[in-house]
Structure formats: C-alpha cells, structure tokens
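Notes follow once the structure below has been shown.
Residue numbers (the working numbering): 34 to 135.
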C-alpha cells in the first residue's frame, strides 16, 4: 500500500517504513504527526481526494531534526561594482512512516 502526502508545499509518494526528508514543522524528535493524504493506492485500487482524501491518514514519527546543504546566492552585474553574496541553509527533518490507513 502507498500514499501520496503533502507537506511543506511538496508532494511525496510514501509506503510503510519509508524514511523521508521533509521541511521542518512544529514537532520534536520522537513525536508522532499526522500528514495530509492526497491519494491512497494498493491492492483494492486507487482512491483520490479532491484535494484531500477524507477518512485516510498517514502517521509518521519524527526521527531527527537536520539541516540541508548550504546554498550560496551570488549576484553580480558587470562593470557596475554590484556584488551581493547571501547564503541559505534549509531546516529539515527525517520522518519514518509508521502507518497508512484509508
């Protein structure tokens, strides 16, 4: 059985016991969270929500809080003495899918 979930503005296809790296939400390591389910598929066919599937749920455990790689943003306009350097590092968290119901 698999499900398509939505978190952090992105969609992920998950199955039971999958490890998933998503954008951080308000939870601590060891917590169990419920995720929005868009679609559930398996042996009984596919059920699609519009946009969220009511009656379906995906439970995930927060394994750890991590951070993504550092990204350097560098802007330059030649011959104008214009240079801007900026960096970004995304806060992420690892999820383990515990249960797909629906």
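Note that CB positions come from ideal geometry on N, CA and C, so glycine has one too.
- By the Cβ neighbour-count rule, residue 38 is buried, with 16 or more other Cβ atoms within 10 Å of its own.
- Listed as beta-bridge partners of residue 42 by DSSP are no residues whatsoever.
- Counting C-beta pairs closer than 8 Å gives three or more between the stretch 120-131 and the stretch 102-111, which meets the contact rule.
- Distance check between residue 35 and each of 124, 90, 100 places 90 closest, using alpha-carbon atoms only.
- For residue 63, there is no enclosing beta strand (DSSP E), as DSSP marks it with neither H nor E.
- Within 10 angstroms of the beta-carbon of residue 134 lie fewer than 16 other beta-carbons, which makes it exposed.
- Nearest Cα to residue 69 within the set 97, 111, 81: 81.
- In the structure shown, residue 88 adopts coil according to DSSP, grouped into three states.
- As the crow flies, the alpha-carbon of residue 87 is around 31 Å from that of residue 99.
- For residue 122, there is no enclosing beta strand (DSSP E), since its DSSP letter is neither H nor E.
- Secondary structure note for residue 76: it is in no beta strand (DSSP E), with a DSSP letter that is neither H nor E.
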